[in-house]
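Notes to accompany the following structure.
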Amino acid sequence: MYHSQLHPLQIDPTTGEPFLRLPAPLQNIIITPPRLSDGASIVPILNDNAVCRWLQGPPYPYLPSHAESWLAAAKNDSDVILNELERASKDGPLKIIDACPVRILRETNANGPDTFLGDIFLHRCQYPYEEPTTKQELSAENARKEVGDPTIVWCIGDYLASSHHGRGIMSTALKTLLTAWAIPRMGVRRIRAETFRGNVGSVRVFEKNGFVLEKTVDHGEVTTSGKRIDGAHILWWEYK
Numbered sequence: 001m002y003h004s005q006l007h008p009l010q011i012d013p014t015t016g017e018p019f020l021r022l023p024a025p026l027q028n029i030i031i032t033p034p035r036l037s038d039g040a041s042i043v044p045i046l047n048d049n050a051v052c053r054w055l056q057g058p059p060y061p062y063l064p065s066h067a068e069s070w071l072a073a074a075k076n077d078s079d080v081i082l083n084e085l086e087r088a089s090k091d092g093p094l095k096i097i098d099a100c101p102v103r104i105l106r107e108t109n110a111n112g113p114d115t116f117l118g119d120i121f122l123h124r125c126q127y128p129y130e131e132p133t134t135k136q137e138l139s140a141e142n143a144r145k146e147v148g149d150p151t152i153v154w155c156i157g158d159y160l161a162s163s164h165h166g167r168g169i170m171s172t173a174l175k176t177l178l179t180a181w182a183i184p185r186m187g188v189r190r191i192r193a194e195t196f197r198g199n200v201g202s203v204r205v206f207e208k209n210g211f212v213l214e215k216t217v218d219h220g221e222v223t224t225s226g227k228r229i230d231g232a233h234i235l236w237w238e239y240k
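For the sequence shown, position 176 matches number 176 in UniProt numbering, and the numbering has no gaps at all.
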């Protein structure tokens with residue numbers, strides 16, 4: 001693989017796996033592609049009430065079979081991106097692409113295997129919390145835009161093991177992902193973030209990275225883990 005097209009990803013010299021490293025003092029945290037062996041680590045995290053109560057989407061209870069299916073799809077997505085970069089000319093300019101091949105947060109350990117901590121990824125916004133017709137129209141328009149179009153609106157999905165909450169890891173991971181990859185390699189210029197009303201931690205992560213709270217909308221639903229929510233915070237970030 002032409003590592004020049006992977007810039008600024010680093011390459012593990014032993015495994016050949018690409019990764020982003022967070023800056024000091026969190027340099028022991030890296031972001032890598034998914035691994036099929038991650039399932040045993042994902043299951044307890046996504047069954048932890050401190051994590052799953054703020055998520056809408058993952059099944060609950062979260063079973064090994066769910067992790068196996070998700071990992072197969074997520075790893076395939078990552079492999080597709082890496083293959084696209086491999087096919088790009090090593091002598092040409094850095095290719096703008098529509099996704100990031102690394103998304104899994106891990107804590108490295110000099111004396112043993114690394115530890116799975118969570119997930120952070122960017123995807124084209126599908127406008128949750130909008131009226132159905134508006135949501136459909138905005139999502140379709142956003143999906144049609146060509147790769148690198150600065151008017152694409154992106155969204156963020158993330159979670160972190162509760163054992164590592166309160167350490168600034170997600171705030172730093174988001175900043176690293178934005179500055180190292182999303183802005184220069186995906187052409188990301190606009191991001192809309194949504195989080196359940198009351199999720200102060202997530203709002204703080206976004207605000208530390210320059211997101212501005214636009215509004216809090218009323219929205220009643222029950223999450224897959226059984227938590228009843230009554231609204232969502234909508235925040236925006238724009239490249240300056």
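Think of the CB as a built atom: it goes at the ideal place given N, C-alpha and C, for glycine as much as any other residue.
Which same chain residues end up closer than 8 Å to Arg35 when comparing Cβ atoms and leaving out the 5 residues on each side of it in sequence? The residue you call residue 35 lines up with position 35 of the sequence shown. Taken in chain order, the residues that qualify are Leu71, Lys75 and Ile104.
I'd like to check one pair, Ala232 with Glu194: are the Cβ atoms closer than 8 Å? Looking up residue 194 in the sequence shown gives position 194. Looking up residue 232 in the sequence shown gives position 232. Yes. Within cutoff.
In this structure, how does DSSP classify Asn209 when only helix, strand and coil are distinguished? Here residue 209 corresponds to residue number 209 of the sequence shown, with the count starting at 1. Coil.
Please go through the same chain and pick out, in chain order, the residues whose beta-carbon is closer than 6 Å to the beta-carbon of His219, but skip the five residues on each side of it. As a first step, residue 219 is located in the sequence shown; it is residue number 219 there, counting from the start. So the list reads Tyr129, Gly231 and Ala232, once near-sequence residues are dropped.
Determine the burial state of Gln136: buried for a count of at least 16 other Cβ atoms within 10 Å of its Cβ, exposed for fewer. Walking along the sequence shown from the start, residue 136 turns up at place 136. With fewer than 16 Cβ atoms within 10 Å of its Cβ, Gln136 is classed as exposed.
Might you give, ordered along the chain, the residues of its own chain that have their beta carbon closer than 6 Å to the beta carbon of Met1, omitting 5 neighbours on each side? Locating residue 1 in the sequence shown gives position 1, counting from the first residue. Residue placement at Met1 is flagged as unreliable, the pLDDT there being 45, under the threshold of 50; a coordinate-derived value is accordingly withheld.
Hey, Ile156 and Lys145: beta-carbon distance below 8 Å or not? Here residue 156 refers to the residue found at position 156 when the sequence shown is read from its first residue. Here residue 145 refers to the residue found at position 145 when the sequence shown is read from its first residue. In this structure, Lys145 does not lie closer than 8 Å to Ile156 by Cβ.
Given a cut-off of 8 Å, decide if Ala182 and Pro8 are closer than it, judged by their beta-carbon atoms. Reading the sequence shown from its first residue, position 8 is the one you call residue 8. Reading the sequence shown from its first residue, position 182 is the one you call residue 182. Not in contact: Pro8 and Ala182 (Cβ atoms no closer than 8 Å).
Output the boundary residues of the beta strand (DSSP E) element that contains Thr108. Numbered from 1 along the sequence shown, position 108 holds the residue referred to as residue 108. Run containing Thr108: Ile104 to Asn109, per the beta strand (DSSP E) assignment.
Can you give me the Cβ contacts of Ile191 inside the same chain, cut-off strictly under 6 Å, excluding the 5 residues immediately before and after it? Working through the sequence shown from its first residue, we reach residue 191 at position 191. Cβ within range, chain order: Trp154 and Trp237.
Note the first and the last residue of the continuous beta strand (DSSP E) segment covering residue 242. Look at the range of the chain in this structure, 1 to 240, and you will see that residue 242 is not part of it.
Contact check, Gln56 vs Thr224, beta carbons under 8 Å: Residue numbering aside, residue 56 sits at position 56 when the sequence shown is read from its first letter. Residue numbering aside, residue 224 sits at position 224 when the sequence shown is read from its first letter. Yes, Cβ-Cβ distance for Gln56 and Thr224 is below 8 Å.
Taking the continuous alpha helix (DSSP H) assigned at residue 253, which residues delimit it? No answer is possible for residue 253: the residues shown for the chain start at 1 and end at 240.
Grouping DSSP H, G and I as helix and E and B as strand, with all else coil, what is Trp237? Here residue 237 refers to the residue found at position 237 of the sequence shown. Correct three-state label for Trp237: strand.
Just the Cα atoms here: how many angstroms apart are Ala173 and Leu122? Reading the sequence shown from its first residue, position 173 is the one you call residue 173. Reading the sequence shown from its first residue, position 122 is the one you call residue 122. A direct Cα-Cα distance of roughly 12 Å separates Ala173 from Leu122.
Identify whether Asp149 lies in helix, strand or coil by the three-state DSSP scheme. As a first step, residue 149 is located in the sequence shown; it is residue number 149 there, counting from the start. Asp149: coil per DSSP, three-state reduction.
Checking 8 Å against the spacing of the C-beta atoms, do Leu20 and Thr115 come in under that value? Against the sequence shown, residue 20 aligns to sequence position 20. Against the sequence shown, residue 115 aligns to sequence position 115. For Leu20 and Thr115, no; Cβs fall outside 8 Å.
Nearest-angstrom Cα separation, counted from Asp91 out to His165: Within the sequence shown, the letter at position 165 stands for residue 165. Within the sequence shown, the letter at position 91 stands for residue 91. Those two C-alpha atoms are separated by around 42 Å.
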